[in-house]
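J.: The structure's right below; bear with me while I get my questions together.
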Amino acid sequence: MKRTKKMLNTLKWQWVFGFTIFYAQIGMSQSDVSLDDLSFFKEPGKSWSISGNVLADLKEDHTFSVSKGTGILVNNPTKKKIGADLYSKEEFGDMDLELEYMMAKGSNSGIYIQGRYEIQLMDSWGVKHPKAGDNGGIYERWDDTKPEGQKGYQGYAPRQNPSLAPGLWQQLKVRFQAPKFDENGKKTANARMLEIVLNGVTIHEDVELFGPTRGPMAADEVRKGPLRIQGDHGPVAFRNIKITDYNKAIPSITDLKYDVYEGTFDAEPDFSTLKSGKSGNALKLSASVSHLPNDFLIKFNGTLNIPEEDEFKFYIRTPGGFGVTKINGEEILSGEPISLDKGDHTLEIIYGKTVSWVQGSLGFGLEGKGIRQFFFTEDNFNTNRSRDPILVHAPENKILRSFVDIPDADRVVHAVSVGSPQQIHYTYDMDNGMIVQLWKGEFLDATPMWNSRGNGASKPMGAVKFFGKPLPIVQKLSSSSAAFKQDTTNTSYKPKGYYLNESGLPTFKYQIFENTIHDEIRISEDGKALKRNIKLDKTGEGMYIQLASGSTIEDLSDGLYLVNDKSHYIKVDNASNIKPIIREVNGKKELIAPVNNSISYTILF
């Protein structure tokens, strides 16, 4: 890998300020589960099949429509095809699991890691205060000998509820650490859910599991066990299942020695000209071997024992200064892949500290095929982290102005974020008259804006739905096949701010194509969706609205559309008269509709 000046400068700043650095897993032990057939699974029941498409009914409980094809694992139990749990043939210890899943309305399932520890899958759309039995919860353990109401214990509710509507693909990521046992089979460490992320939101971190949850395949705990999917509680579908199996022996460091040099160093010195102020043998890598609080350099020398030939990435953290890692005499860049043979290798680590207001600490770790990222060091890195986050909650309707950063788009500089107690929130771009992001869960993280000098930006804290590059969604077109302008050039666009109703909710107002638009956005009565009503002051001949765009748009009838590979729904009021149009423009699908005086539609997600 070529080391550019930009890369080195980036690492320099990371070293100086002691940022906690999380790198993408090397990923070479990650495998995709083939869903061309059911061969990954052991004796699948009749309710399980492989399909090419699946649709859920938003009105009917436990209803899936399944189409022929491959790529989707479907459980669709019926009276004739009784639902049964599904087990992988392969067994796993430490593992990462990534997948997408879809719930039918009112349905219930679960993923049992090692067949014993259940992560609940549930149609929890719209639940305000989730419990352990809701979507993403770590299910309870169970004791039948206890009195009623006390049988369930040690269940863990998700921090918030980012669950999506039935029929939409939801994303789940799990980092699991298996229980550990000594050579006699005695358990020495409990299993842990290191992290569970649902629809981009971290809902669990470092949860210790003291035993199997309710309904395990067996009551004991083991080094390895199968992946198990609950199949007897209702329809559920899965796709894009990826498993990273951490099954390799971990390298070690031996014969560790250190030297401490006093002075101000901002780069590796010529050690032949220096005299060590302190030296000795070290039991572990740690900055604590230095007898100086600042202006010192530590050099460690040791032997790196590699149990098996592999490719590794090494990481070094050196707050308040600089760091160097050398293996077999060759300097390596933090996070740069390097191949090492089985056996012993010389290791040299240098840490020079010069910034007095940063506490000295050293981090050194690695990852590889079948080896989860870990650190040999035990120094505390929390000391130098930034201040506590500055969070904005919305127990009542709330409006906050800030900058907003949208993926693959310019910063939105005239953004208005509107929060609600129903936990559905959105950001409106006043420069285009467009909702640029919509999310559910907690409201805003204003730390980037309000901490220290700040950068003016806030970030959503829930499961976010982005709607692409901002553009005016109401435009005048020469025909229904004409493309929408990508900005406000030659549209006479003028933002006119917003006005509030008695509940403090805004209606946005702007002028475009010599017409005035009133854009009223409200939470639906059931608290599950966003309803939008757009009115024109003048009859708008040739005026159209872009209701949605994405890779796919499916017409489900009665004004209901499934958008962008089942990421959200659009429900158009009075669609039979308005007659929305699905079209393709520049390789993307668009849902547009003519707007004469007004149009109302709902975004369900």
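Add 45 to the 1-based position in the sequence shown for the numbering used here, that's all there is to it. Glycine included, every Cβ here is placed at the ideal spot set by N, Cα and C.
Report yes if the CB atom of phenylalanine 558 is closer than 8 Å to the CB atom of methionine 475, and no otherwise.
T.: Within the sequence shown, numbered from 1, the residue matching residue 558 stands at position 513. Within the sequence shown, numbered from 1, the residue matching residue 475 stands at position 430. Going by C-beta atoms, phenylalanine 558 is not nearer than 8 Å to methionine 475.
J.: Alpha carbon to alpha carbon, how far is glycine 366 from tryptophan 58? Give it in angstroms, no decimals.
T.: As a position in the sequence shown, residue 58 is number 13, starting the count at 1. As a position in the sequence shown, residue 366 is number 321, starting the count at 1. For tryptophan 58, the pLDDT reaches just 37, beneath the cut-off of 50, and the residue's location in the model is therefore unreliable, leaving the point undetermined.
J.: Would you mind stating whether glutamate 354 and lysine 269 have Cβ atoms separated by less than 8 Å?
T.: Translated into positions along the sequence shown, residue 354 becomes position 309. Translated into positions along the sequence shown, residue 269 becomes position 224. No; because the gap between Cβ atoms is not below 8 Å, this pair is not in contact.
J.: Based on Cα-Cα distance, which residue from Asn631, Ala620, Glu635 lies nearest to serine 643?
T.: Looking up residue 643 in the sequence shown gives position 598. The shortest Cα separation from serine 643 among Asn631, Ala620, Glu635 belongs to Ala620.
J.: Please report the residue range of the alpha helix (DSSP H) in which proline 493 lies.
T.: As a first step, residue 493 must be located in the sequence shown, where it is residue number 448. Segment 492-495, the alpha helix (DSSP H) holding proline 493.
J.: Do the region 274-293 and the region 138-149 touch if we need at least three Cβ pairs shorter than 8 Å?
T.: yes
J.: Roughly how many angstroms separate the alpha carbons of serine 331 and glycine 347, rounded to a whole number?
T.: Residue numbering aside, residue 331 sits at position 286 when the sequence shown is read from its first letter. Residue numbering aside, residue 347 sits at position 302 when the sequence shown is read from its first letter. Cα-Cα distance, rounded: 13 Å.
J.: DSSP beta-bridge partners for arginine 628?
T.: The residue you call residue 628 lines up with position 583 of the sequence shown. Answer is Glu635, bridged to arginine 628.
J.: Let me know the beta strand (DSSP E) ranges lying completely inside the region 344-399, each 3 residues or longer, listed in chain order.
T.: 355-362, 366-372, 375-377, 382-385, 388-398
J.: Look at isoleucine 395 and leucine 319 and say whether their C-beta atoms are less than 8 Å apart.
T.: On the sequence shown, residue 395 is found 350 positions in, with the first residue counted as 1. On the sequence shown, residue 319 is found 274 positions in, with the first residue counted as 1. Against a cut-off of 8 Å, the Cβ pair of leucine 319 and isoleucine 395 comes out as no contact.
J.: Could you tell me the distance, in whole angstroms, from the CA atom of glycine 181 to the CA atom of histidine 563?
T.: Here residue 181 refers to the residue found at position 136 of the sequence shown. Here residue 563 refers to the residue found at position 518 of the sequence shown. Their backbone Cα atoms lie some 39 Å apart in a straight line.
J.: In chain order, what residues of the same chain have a beta carbon less than 6 Å from the beta carbon of threonine 428, not counting five sequence neighbours either side?
T.: The residue given as residue 428 occupies position 383 in the sequence shown. Model confidence at threonine 428 stands at a pLDDT of 43, short of 50, so the residue's coordinates are unreliable and nothing is read from them.
J.: Excluding sequence positions up to five away, which residues of its chain have a Cβ less than 8 Å from the Cβ of aspartate 610?
T.: Mapped onto the sequence shown, residue 610 falls at position 565. For aspartate 610, where only same-chain residues beyond five positions count, the Cβ hits under 8 Å are Trp214, Gly595, Ser596, Thr597.
J.: As a quick exercise: from Lys302, Lys91, Gln199, Asn477, pick the residue whose alpha carbon is nearest that of threonine 123.
T.: Your numbering for residue 123 matches position 78 in the sequence shown. Considering only alpha carbons, the answer is Lys91.
J.: Using only the alpha-carbon positions, how far apart do alanine 508 and serine 406 sit?
T.: Position 463 of the sequence shown, counted from the start, is the residue given in the question as residue 508. Position 361 of the sequence shown, counted from the start, is the residue given in the question as residue 406. Taking the straight line from one Cα to the other gives about 35 Å.
J.: Report yes or no: do the region 144-158 and the region 215-230 share at least 3 C-beta pairs separated by less than 8 Å?
T.: yes
J.: Using 10 angstroms around the beta-carbon of leucine 301, count the other beta-carbons present and answer buried if the total reaches 16, otherwise exposed.
T.: For the purposes of this step, residue 301 is taken as residue 256 along the sequence shown, with counting starting at 1. The residue is buried, with at least 16 neighbouring Cβ atoms inside 10 Å.
J.: Name the one or two DSSP bridge partners that leucine 100 has.
T.: By one-based count along the sequence shown, residue 100 stands at place 55. For leucine 100, which the question treats as bridged, DSSP gives the partners Ser110.
J.: Grab the span of the alpha helix (DSSP H) containing alanine 620 for me, first residue to last.
T.: Stepping through the sequence shown from its first residue, residue 620 is reached at position 575. Counting along the chain, the alpha helix (DSSP H) containing alanine 620 begins and ends at 620-623.
J.: Any idea if aspartate 168 is buried or exposed, counting beta-carbon neighbours within 10 angstroms, 16 or more meaning buried?
T.: Here residue 168 refers to the residue found at position 123 when the sequence shown is read from its first residue. Burial call: buried.
J.: Taking DSSP's pairing of strands, which residues face alanine 460 in a bridge?
T.: Residue mapping note: residue 460 aligns to position 415 of the sequence shown, counting from 1. For alanine 460, which the question treats as bridged, DSSP gives the partners Ser447, Asp474.
J.: Using only alpha-carbon positions, find the residue among Ile451, Lys387, Asp386, Ile361 that is nearest to glutamate 376.
T.: For this step, residue 376 is matched to residue 331 along the sequence shown. The residue with the shortest Cα to Cα distance from glutamate 376 is Ile361.
J.: Any idea what DSSP makes of glycine 72, helix, strand or coil?
T.: Stepping through the sequence shown from its first residue, residue 72 is reached at position 27. Unreliable placement is indicated for glycine 72, whose pLDDT of 47 sits below 50; the coordinate value is still reported in the next sentence. Correct three-state label for glycine 72: coil.
J.: Identify the continuous beta strand (DSSP E) that holds tryptophan 214 and give its terminal residues.
T.: The residue labelled residue 214 in the question sits at position 169 within the sequence shown. Judged by DSSP secondary structure, tryptophan 214 falls outside any beta strand (DSSP E); it is assigned neither H nor E.
J.: For lysine 173, I'd like the list of residues in its chain whose CB is within less than 6 Å of its CB, leaving aside the five on either flank, ordered along the chain.
T.: On the sequence shown, position 128 is the one that residue 173 refers to. Excluding residues within five positions, none has a Cβ falling inside 6 Å.
J.: Looking at the strands, I want to know which residues DSSP matches up with threonine 318.
T.: Within the sequence shown, the letter at position 273 stands for residue 318. DSSP output for threonine 318 lists no bridge partner at all.
J.: Phenylalanine 357 and leucine 385: beta carbons closer than 8 Å?
T.: Residue mapping note: residue 357 aligns to position 312 of the sequence shown, counting from 1. Residue mapping note: residue 385 aligns to position 340 of the sequence shown, counting from 1. Yes, they are a contact pair.
J.: Tell whether a beta-carbon distance below 8 Å holds between tyrosine 201 and glycine 155.
T.: Looking up residue 201 in the sequence shown gives position 156. Looking up residue 155 in the sequence shown gives position 110. No.
J.: Between which two residues does the beta strand (DSSP E) harbouring isoleucine 648 extend?
T.: For the purposes of this step, residue 648 is identified with residue 603 of the sequence shown, where counting begins at 1. Taken as a continuous stretch (DSSP letters only), the beta strand (DSSP E) holding isoleucine 648 covers 643-649.
J.: Can you tell me whether tryptophan 484 is buried or exposed, with buried defined as 16 or more other CB within 10 angstroms of its CB?
T.: What you label residue 484 is simply residue 439 of the sequence shown in a count that begins at 1. Tryptophan 484 sits buried, since 16 or more C-beta atoms from the chains shown fall within 10 Å of its C-beta.
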